[in-house]
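Sequences listed follow chains A and B, in order.
Each residue of the first sequence is one higher than the last, beginning at 1 in our numbering.
Each residue of the second sequence is one higher than the last, beginning at 1001 in our numbering.
Here a beta-carbon is modelled for each residue, glycine too, at the ideal position from N, C-alpha and C.
Predicted model, so just to flag it, every value in this text is computed and none were measured.
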Amino acid sequence: MSAPMLVATEIHRHFEGLHAVDGVSIEVPAGQITGLIGPNGAGKSTFLAVLAGTLPATSGSITFDGRDITRLPAYARARLGLVRTFQLPSEFAQLTVLENLLVAAPNNRGDSLFGALRGKGYWIKDERRLVEQARALLKRFGMSAKESDYAGTMSGGQKRLIEIMRALMLGPRVLLLDEPMSGVHPKIIEEIQRYLQDLRKEGLTILMVEHELHMVERLCDSVVVMAQGKVIGSGTMASLRRQPEIVDAYLVG
Amino acid sequence: MNTFYAANLLIYAGIDIIACLALNLQFGVSGIVNFSFIVFQSVGAYTAAVLSMPPDTANFGFQHYIGGYELPFPIPWIGAVVAGGLLAVPVGLVVLRKLRSDYQAIALLVLSVIANTVITNADKFLGGAGGISLVPSPVGDRITPRTEPYEYFYIGITAVCVAVAFLVVNRVVNSPYGRSLRAMREREIAAAAIGKNPVQLKMTIFIVGGMIAGLSGAILVGYINVWGPTVWLYPETIILFAAIIVGGRGNNIGAILGALLVPVGFEEVTRLINSNGTLANFGPPGLLSALQWVAIGLLILGFLWFRPQGVRPEPRRVFEGGPE
């Protein structure tokens, strides 16, 4: 086991009496793909949102690479390299596909008021470099032809891809993926899988919520099972299948 | 059409263009529904006025206001820009941080009404309900105001300000920073998830827009030489919103077109009908000016229904070297 990259301790998230996340503690090991599974309404997405800072935790603490990030807002966590995707399509509809990727890139001199006021000459080099980087990603995911189309006009699967590529443009250290494959064409799913495995080899840490258990089995080094806001088990898929209470709760069939 | 009428139209056009560029940056590009925009124009006007006027003991003390520093041009205008930006700080901190964007719009509208009521009733502060008059024309001591040379001079400085405002806004909108603003407008939570700080972005644009609005107020008060609560009632903001919606949200050229079509063109046309001899006595008193507001409302509705993207839609950014 490598050292944990992301540690959440006793996370609670309550919505007016509903305990969506009820004391969850997990460690996400560095350089691995960890799956987060569980029935609908188990609190997986809420937990992911708390990890990313989209929702504040009611109580509990989160450390990222040894640093306490519990109080950091979402944007600050993203800048540190803890980047999430969303369960529902969350493209920037009135930006083109290419712009959706470009906007996420850090280190663009034109991405500040004063940088912008200095004019195109000041930032065009950064912009060109990032356009190249973004186009390489688009090519890999077979979306080059769409680069100048508005993201809002894309299909559900394409929006999903845009979001994954957008997250990758940040150069993340930990990716939090919320059902990245849902609604995506099987061919592209293979491509995403291959890419995630490549990223893992390069040392990226991934925590992903996913319902498709075959995929979880193939991709994930270890799996955490949630039900009713609590962690009810963790380990490899093979070991989880041997625990009757977990099979009862979720892994039916 | 005589020279003065033409000059008057040009100067008003310049002022409205500057205001629309600022509002487009806030509303069209960044999605901030600033229903108190006119307050920022007004704070610029009041600031420029009290910085350029003599102390209120002058002219037998017939009006009361704070300040009165008799500062030479362009200091009052610079002061107006600074004041517009400064006002944006507390307003932005209260309104833009915690509230959801639809509630932000409501809060800003209420703020506009409150500000107007307060200024109207605070007699000694900025002239109260009667406002301030005898505001000096910039450089009026060297070029005689209300002469043809002065009109040309004023058209000139207005044009310079339009150019500067356009340059600033255009650079912001067409930069990677502008792209971040548009992303925030489209989906704030997702923008935060890719490292954009929505509160900081909104605050910055609120301040920049406030500064430009302040400048437009300074130009206006320097030209008409009076300012008072009745010229910055909240519906004035709605006219500017109409201009942005008609011209094209997110498009700077659209904002300029909108300024020319709505506050200048549309209002001018309806005003002419209003004062025209044959129609002046049409219906009960006040009917025509009320209908003018109805027309503005219908214009907004019509565009939102039939052409929501406006006359000049936001440009789609296509990058060189791509496929196709």
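Beta-carbon proximity check, residue i vs residue j, cutoff 9 Å
{"i": "LEU80/A", "j": "ASP65/A", "result": "yes"}
{"i": "VAL103/A", "j": "LEU113/A", "result": "no"}
{"i": "SER239/A", "j": "VAL224/A", "result": "no"}
{"i": "LEU219/A", "j": "GLY35/A", "result": "yes"}
{"i": "ILE1157/B", "j": "PRO1138/B", "result": "yes"}
{"i": "ALA960/B", "j": "LEU1215/B", "result": "Because chain B here runs from 1001 to 1324, residue 960/B falls outside it and cannot be looked at."}
{"i": "ARG1097/B", "j": "VAL1199/B", "result": "yes"}
{"i": "LEU18/A", "j": "ALA105/A", "result": "no"}
{"i": "ALA1049/B", "j": "VAL1231/B", "result": "no"}
{"i": "LEU1023/B", "j": "PHE1206/B", "result": "no"}
{"i": "ALA227/A", "j": "GLY23/A", "result": "no"}
{"i": "LEU138/A", "j": "ILE62/A", "result": "no"}
{"i": "ALA1255/B", "j": "GLY1014/B", "result": "no"}
Beta carbon proximity, residue i to chain A, threshold 9 Å
{"i": "ILE1212/B", "result": "no"}
{"i": "ARG1142/B", "result": "no"}
{"i": "ILE1194/B", "result": "yes"}
{"i": "ASN1116/B", "result": "no"}
{"i": "ILE1245/B", "result": "no"}
{"i": "VAL1164/B", "result": "no"}
{"i": "TYR1177/B", "result": "yes"}
{"i": "PHE1027/B", "result": "no"}
{"i": "ILE1189/B", "result": "yes"}
{"i": "ASN1174/B", "result": "yes"}
Status (buried if at least 16 other CB within 10 Å, exposed otherwise) for residue i
{"i": "ARG135/A", "result": "buried"}
{"i": "THR85/A", "result": "buried"}
{"i": "GLY253/A", "result": "Any reading at GLY253/A must be qualified, since the residue scores a pLDDT of 41, below 50, and its modelled position is unreliable; the value itself is stated next. GLY253/A is exposed by the Cβ-count criterion."}
{"i": "GLU179/A", "result": "buried"}
{"i": "GLU10/A", "result": "exposed"}
{"i": "TRP1305/B", "result": "exposed"}
{"i": "PRO244/A", "result": "exposed"}
{"i": "SER1112/B", "result": "buried"}
{"i": "VAL209/A", "result": "buried"}
{"i": "TYR1065/B", "result": "buried"}
{"i": "TRP1293/B", "result": "exposed"}
{"i": "ASN1197/B", "result": "buried"}
Residue i at chain B interface by Cβ criterion, 9 Å
{"i": "GLU202/A", "result": "no"}
{"i": "LYS230/A", "result": "no"}
{"i": "GLY253/A", "result": "For GLY253/A, the pLDDT reaches just 41, beneath the cut-off of 50, and the residue's location in the model is therefore unreliable, leaving the point undetermined."}
{"i": "TYR75/A", "result": "yes"}
{"i": "MET154/A", "result": "no"}
{"i": "LEU170/A", "result": "yes"}
{"i": "GLN158/A", "result": "no"}
{"i": "VAL83/A", "result": "yes"}
{"i": "THR205/A", "result": "no"}
{"i": "ARG129/A", "result": "no"}
{"i": "SER59/A", "result": "no"}
{"i": "SER148/A", "result": "yes"}
{"i": "ARG140/A", "result": "no"}
{"i": "SER144/A", "result": "yes"}
Three-way DSSP call (helix, strand, coil) for residue i in this model
{"i": "ARG1185/B", "result": "helix"}
{"i": "THR289/A", "result": "Because chain A in this structure spans residues 1 to 253, residue 289/A falls outside the shown range and cannot be described."}
{"i": "GLY253/A", "result": "Any reading at GLY253/A is ruled out, since the residue's pLDDT is 41, under 50, leaving its predicted position unreliable."}
{"i": "PHE86/A", "result": "coil"}
{"i": "LYS230/A", "result": "strand"}
{"i": "GLY1127/B", "result": "coil"}
{"i": "GLU179/A", "result": "coil"}
{"i": "TYR150/A", "result": "strand"}
Proximal residues of chain E, C-beta to C-beta of residue i below 8 Å
{"i": "THR54/A", "result": "The question asks about chain E, but that chain is absent: this structure's protein chains are A and B."}
**OP:** Closer than 7 Å, Cβ to Cβ, to anything on chain B: give me those residues from the region 111-127 of chain A, in chain order.
**Re:** Among the residues of the region 111-127 of chain A, those with a Cβ less than 7 Å away from any Cβ of chain B are ASP111, SER112, LEU113, GLY115, ALA116, LEU117, GLY119, TRP123 and GLU127, in the order of the chain.
Original post:
Mind listing which residues of the region 1195-1210 of chain B have their C-beta closer than 8 Å to chain A's C-betas, in chain order?
Top reply: Listed by position along the chain: GLY1195, LYS1196, ASN1197, PRO1198, THR1204 and VAL1208.
**OP:** Can you give me, in chain order, the residues of the region 85-98 of chain A that have a beta carbon less than 7 Å from any beta carbon in chain B?
**Re:** Taking 7 Å as the Cβ-Cβ cut-off, the region 85-98 of chain A approaches chain B at PHE86, SER90, PHE92, ALA93, GLN94, LEU95, THR96 and LEU98, given in chain order.
**OP:** Below 9 Å between beta carbons is the criterion; list the residues of the region 99-110 of chain A that meet it against any residue of chain B, in chain order.
**Re:** For the region 99-110 of chain A, the set of residues with a beta-carbon nearer than 9 Å to any beta-carbon of chain B comprises GLU99, ASN100, LEU102, VAL103, ALA104, ALA105, PRO106, ASN108, ARG109 and GLY110, in chain order.
**OP:** Residues of the region 1050-1068 of chain B with a CB closer than 7 Å to any CB of chain A: list them in chain order, please.
**Re:** Answer set for the region 1050-1068 of chain B: empty.
**OP:** Select from the region 6-21 of chain A all residues with a C-beta closer than 7 Å to any C-beta belonging to chain B, and list them in chain order.
**Re:** Residues passing the 7 Å Cβ filter: none.
Subject >> Residues within the region 33-47 of chain A neighbouring chain B, beta-carbon criterion of under 9 Å >> reply: Within the region 33-47 of chain A, no residue has its Cβ closer than 9 Å to any Cβ of chain B.
Original post:
Taking a cut of 7 Å between CB atoms, which residues from the region 1251-1264 of chain B lie near chain A?
Top reply: Within the region 1251-1264 of chain B, no residue has a Cβ that lies closer than 7 Å to any Cβ of chain A.
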